[in-house]
Amino acid sequence: MLVAPGAMLAAPAAAQTGAPPITRVSLDQAVQMAVARNQALQAQRLAVDAARADEITAGLKPNIGVSFSADGFTPFSPRQINWDFLKNDTSYSTSASYLFERGGKRENRIAVAKATTDVAQKTALDAERTLRFQTASAFVQILLAKSSLELAQQNLKSFEDVVAVNQQRVASGDLAEAEFYRIHLQQLQFEQDVSAAEVALVQARANLRQLLGFDMVAEDFEVVGDLTYVPQAFDLETLKQQALQSRADYLGAQSNVTLAQNTLNLERSNRARDVSGDLDYSHTGPDNTMGVGVSFDLPIHDRNQGNIARSQVLVRQANEQELAARYLVITDVVNAYAAWQTSQKVVSLYQSGYLNQAQQSLEISRYVYQRGAGNLLDLLDAERTYRDTQLGFRQALAAYMTSVQQLNFAVGKQVMP
Numbered sequence: 020m021l022v023a024p025g026a027m028l029a030a031p032a033a034a035q036t037g038a039p040p041i042t043r044v045s046l047d048q049a050v051q052m053a054v055a056r057n058q059a060l061q062a063q064r065l066a067v068d069a070a071r072a073d074e075i076t077a078g079l080k081p082n083i084g085v086s087f088s089a090d091g092f093t094p095f096s097p098r099q100i101n102w103d104f105l106k107n108d109t110s111y112s113t114s115a116s117y118l119f120e121r122g123g124k125r126e127n128r129i130a131v132a133k134a135t136t137d138v139a140q141k142t143a144l145d146a147e148r149t150l151r152f153q154t155a156s157a158f159v160q161i162l163l164a165k166s167s168l169e170l171a172q173q174n175l176k177s178f179e180d181v182v183a184v185n186q187q188r189v190a191s192g193d194l195a196e197a198e199f200y201r202i203h204l205q206q207l208q209f210e211q212d213v214s215a216a217e218v219a220l221v222q223a224r225a226n227l228r229q230l231l232g233f234d235m236v237a238e239d240f241e242v243v244g245d246l247t248y249v250p251q252a253f254d255l256e257t258l259k260q261q262a263l264q265s266r267a268d269y270l271g272a273q274s275n276v277t278l279a280q281n282t283l284n285l286e287r288s289n290r291a292r293d294v295s296g297d298l299d300y301s302h303t304g305p306d307n308t309m310g311v312g313v314s315f316d317l318p319i320h321d322r323n324q325g326n327i328a329r330s331q332v333l334v335r336q337a338n339e340q341e342l343a344a345r346y347l348v349i350t351d352v353v354n355a356y357a358a359w360q361t362s363q364k365v366v367s368l369y370q371s372g373y374l375n376q377a378q379q380s381l382e383i384s385r386y387v388y389q390r391g392a393g394n395l396l397d398l399l400d401a402e403r404t405y406r407d408t409q410l411g412f413r414q415a416l417a418a419y420m421t422s423v424q425q426l427n428f429a430v431g432k433q434v435m436p
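Below is the structure:
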């Protein structure tokens with residue numbers, strides 16, 4: 020679920036000064052930590068605060084202008100400066116002026132500033148939506164890397180047992196030494212699989228730490244959870260409607276239309292000429308006088324035609340962008356829904372019997388070969404098939420879990436756990 024920018028979640032214990040980094044984290048915790056601490060998202064949220072500050076500026080009224088002048092001093096013909104000189108021979112004048120804005124400029128400025136803030140909020144929400152998906156996907160990749168490493172280690176241990184049994188057969192004269200070397204050399208592939216899985220796990224952890232903040236979690240932190248598959252059913256049309264109501268980027272496109280229209284209203288109001296009013300007071304000799312004045316531009320040439328025309332184009336552009344964003348939302352939901360359905364089918368295929376068949380095939384091949392009734396190629400082929408099937412199943416589970424997060428990302432809210 021999306022939260023308003025600036026509504027910070029409670030900082031995890033590791034964020035406090037001196038607290039040790041977290042060593043175990045679940046998917047929900049990882050997402051919460053990313054939303055609360057990710058620096059890129061925090062920078063995006065600060066743009067909202069800056070936009071709110073612009074609202075203050077937009078609502079300010081013009082200041083009153085004050086001026087004062089004194090005339091009649093004779094620096095090149097010095098005279099004694101006393102009270103009579105200041106009273107009778109010197110002129111004083113003071114004035115106050117104020118700019119009266121016309122055409123509703125202030126109201127339209129405020130409307131533009133508020134619409135700008137709304138766009139910034141939607142942009143921050145969309146950045147949060149993206150971050151949630153990135154964090155969940157990175158978490159799933161750790162689960163996949165962890166499961167793949169466990170599988171590679173199991174395969175290596177199992178093949179080491181095969182090597183040990185055949186080493187005994189060589190010692191008893193039941194197996195040719197050259198045949199044993201061929202078997203032993205295959206162990207290298209299993210050892211390489213373990214090494215590759217270890218590197219993948221380190222890289223997956225680093226990717227998630229980048230999103231959470233490297234100071235938040237330990238370098239060798241553990242993730243809580245497993246690759247799982249939970250069948251669910253959803254209606255595509257319902258998901259489309261939910262996406263149009265929830266997707267922050269589409270809502271932001273709608274806000275951009277409002278901003279463009281408010282900007283056009285402001286430029287039209289700028290055609291009105293502001294009036295400057297003056298109130299003057301003068302003291303000349305024994306006389307005291309007051310006066311008033313009004314000044315304004317005559318809109319003969321500049322009537323803000325260019326800015327109005329440009330704003331009209333921007334309104335049409337915003338409408339086109341809003342329509343494009345709508346189509347993008349629907350396309351994203353359709354694609355994510357199709358990927359989710361396909362991933363379900365693939366997982367179901369593995370669970371329908373292929374996993375058991377690969378396991379049984381391997382066990383039979385090992386039994387037959389260890390008793391001298393099979394050949395090496397059949398054993399290696401069964402080992403490879405089992406390994407590929409198990410790895411493919413784990414990748415299918417990871418693809419399914421990622422497709423769930425992709426569907427949440429496309430809809431713009433949590434529709435699946």
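Quick note on my numbering: the sequence shown kicks off at 20 and runs consecutively. Note that the Cβ used here is the ideal one computed from N, Cα and C, for glycine as well.
#1: Please report the distance separating the alpha-carbon of LEU150 from that of ALA183.
#2: Straight-line CA distance for PHE199 to ALA392?
#3: I'd like to check one pair, ALA279 with GLN340: are the Cβ atoms closer than 7 Å?
#4: Report the rounded CA-to-CA distance for TYR248 versus PHE152, giving the unit in angstroms.
#5: From which residue to which residue does the beta strand (DSSP E) around ARG43 run?
#6: Which value, in whole angstroms, describes the spacing of the CA atoms of ASP180 and LEU162?
#7: Should TYR269 be labelled buried (16 or more other beta-carbon atoms within 10 Å of its own) or exposed?
#8: Can at least three beta-carbon pairs, one atom from the segment 348-356 and one from the segment 250-263, be found at a separation below 8 Å?
#9: Provide the residue span of the alpha helix (DSSP H) that contains SER86, from first to last.
#10: Closer than 8 Å is the cut-off here; do at least three beta carbon pairs connect the segment 136-148 with the segment 211-223?
#11: Around the Cβ of GLU402, are there at least 16 other Cβ atoms within 10 angstroms (buried) or fewer (exposed)?
#12: Cβ atoms of ALA115 and LEU298: under 7 Å apart, would you say?
#13: Could one say the Cβ of ALA70 lies closer than 7 Å to chain C's Cβ atoms, at least one of them?
#14: Looking at MET420 and VAL159, is the spacing between their C-beta atoms short of 7 Å?
#15: Whole angstroms are fine: how far does the CA of GLN336 sit from the CA of ASP316?
#16: Do LEU175 and LEU220 have their CB atoms nearer than 7 Å?
#17: Mind listing, in chain order, the continuous alpha helix (DSSP H) runs of no fewer than 4 residues lying wholly within the segment 214-269?
#18: Taking 6 Å as the limit between beta carbons, can you name the residues of its chain near VAL131, skipping five residues before and five after?
#19: Let's test the definition: count the other Cβ atoms within 10 Å of the Cβ of ASP234 and tell me whether it reaches 16, buried, or not, exposed.
#20: On the CB-based measure, 16 or more other CB atoms within 10 Å of its CB, does VAL430 come out buried or exposed?
#21: Can you look up ASN375 in the DSSP assignment and give me helix, strand or coil?
#22: Looking at the secondary structure, which residues open and close the beta strand (DSSP E) in which GLY325 lies?
In brief:
#1: 49 Å
#2: Annotation: PHE199 to ALA392 spans about 15 Å, alpha carbon to alpha carbon.
#3: no
#4: 18 Å
#5: DSSP places ARG43 in the uninterrupted beta strand (DSSP E) bounded by 41-45.
#6: 27 Å
#7: buried
#8: Because the criterion of three Cβ pairs below 8 Å is met, the segment 348-356 and the segment 250-263 touch.
#9: Counting along the chain, SER86 falls outside any alpha helix (DSSP H), though it belongs to the beta strand (DSSP E) covering 84-90.
#10: As far as the Cβ criterion goes, the segment 136-148 does not touch the segment 211-223, which means the pair count is below three.
#11: buried
#12: yes
#13: Absent from the structure: chain C. Only one protein chain is present.
#14: yes
#15: 33 Å
#16: no
#17: 255-265
#18: ASN281, THR282, LEU285
#19: exposed
#20: Counting Cβ neighbours within 10 Å, VAL430 comes out buried, since at least 16 surround it.
#21: helix
#22: No beta strand (DSSP E) contains GLY325, which is instead part of the alpha helix (DSSP H) from 324-368.
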